[in-house]
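Residue numbering for the sequence shown is 1 to 190, as defined by this note's numbering. Glycine is no exception: its CB is placed at the ideal position from the N, C-alpha and C atoms. Report on the following structure.
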Amino acid sequence: MEIFKQRILAEGKNLGQGILKVDSFINHQVDPMLMDACGAELARRFAHVGATKILTAEISGIAPALMAAKHLGLPVVYARKSKPVTMPDQVYLTVAPSHTKGRLVELIVSPEYLAGGEKILIIDDFLASGATIIGLVRLAQTAGATIVGVGTLIEKMFEGGRGRLAYLGIPIESLACIGSMDDGQILFCR
């Protein structure tokens, strides 16, 4: 998606150690028009998978997931990173390492919103090592749901996440694929 790649080149900042700062349009401040265009493209790519719900992780995955869901006509569930008092005692919970936080984070979903028999499309902001997405897969599978696809805004190919998800045998789509972030640059794969 060329307009998205151009935005990454114009405003994204390579902070080193594989960290790409896109806070000005995805992670801290959100550009709703850009996210709507990204959501429409993700919806187009996954229209054939028969998803019944979209699953993402709090907080940066919510904007792209919500926009893809808008175009697919689906509800969105996001895994929370802390359990609010409104959530029941029994929850689906897993942990995943966070590269940007430098620690393990919890991913928590209420069984009220993730059930067996559902077909889950995971949408997130990044696919890097695959750790967060694998955590979301664990949550969905624990609930008895089936994963039908994974879509991300940005994929950092050099971190190997796509290979770690290959066992799922499902479509994986990224709107911008980064092949290298060496020497302060941002180089796209295709």
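Measuring straight from C-alpha to C-alpha, what distance separates ARG45 and ALA145? 21 Å
Buried or exposed, going by whether 16 or more other CB atoms sit within 10 Å of the CB of THR56? Under this definition THR56 is a buried residue.
Where ASP31 sits in the DSSP three-state scheme: coil
Specify the secondary structure class of LEU9 as computed by DSSP and reduced to three states. helix
Going by DSSP, what residues sit across from ILE172 in a beta bridge? VAL150
Between the Cα of ALA47 and the Cα atoms of GLY73, GLY160, MET33 and ALA63, which residue gives the shortest distance? Out of GLY73, GLY160, MET33 and ALA63, GLY73 has the C-alpha closest to the C-alpha of ALA47.
By how many angstroms is the C-alpha of LEU20 removed from the C-alpha of ILE147? 27 Å
Please state whether DSSP places GLY179 in a helix, a strand or coil. Strand at GLY179.
Nearest-angstrom Cβ-Cβ length linking VAL49 and LEU121, presumed shorter than 8 Å: 6 Å
Assign THR142 to one of three DSSP states: helix, strand, or coil. Here THR142 sits in helix by DSSP.
Rounded to whole angstroms, what's the CA-CA distance from GLY184 to LEU15? Just pull it up for me. 7 Å
Inspect the beta-carbon positions of VAL91 and ILE108 and report whether they are closer than 8 Å. Yes, Cβ-Cβ distance for VAL91 and ILE108 is below 8 Å.
At what residue ranges does the region 36-116 contain a whole run of the alpha helix (DSSP H), taking only runs of 4 or more? 62-72
Would you say the region 155-163 touches the region 128-142, given that touching needs at least three Cβ pairs under 8 Å? Touching, yes.
To the nearest angstrom, how far is it from the Cα of SER174 to the Cα of MET35? 14 Å
For ILE134, which three-state DSSP category applies? helix
Express the C-alpha separation of PHE4 and TYR78 in angstroms, rounding to a whole number. If you take the alpha carbons of TYR78 and PHE4, they lie about 23 Å apart.
Residues bridged to ILE122 (per DSSP): LEU55 and VAL150
Cα-Cα separation, ASP125 to VAL150: Answer to the nearest angstrom: the Cα atoms are 11 Å apart.
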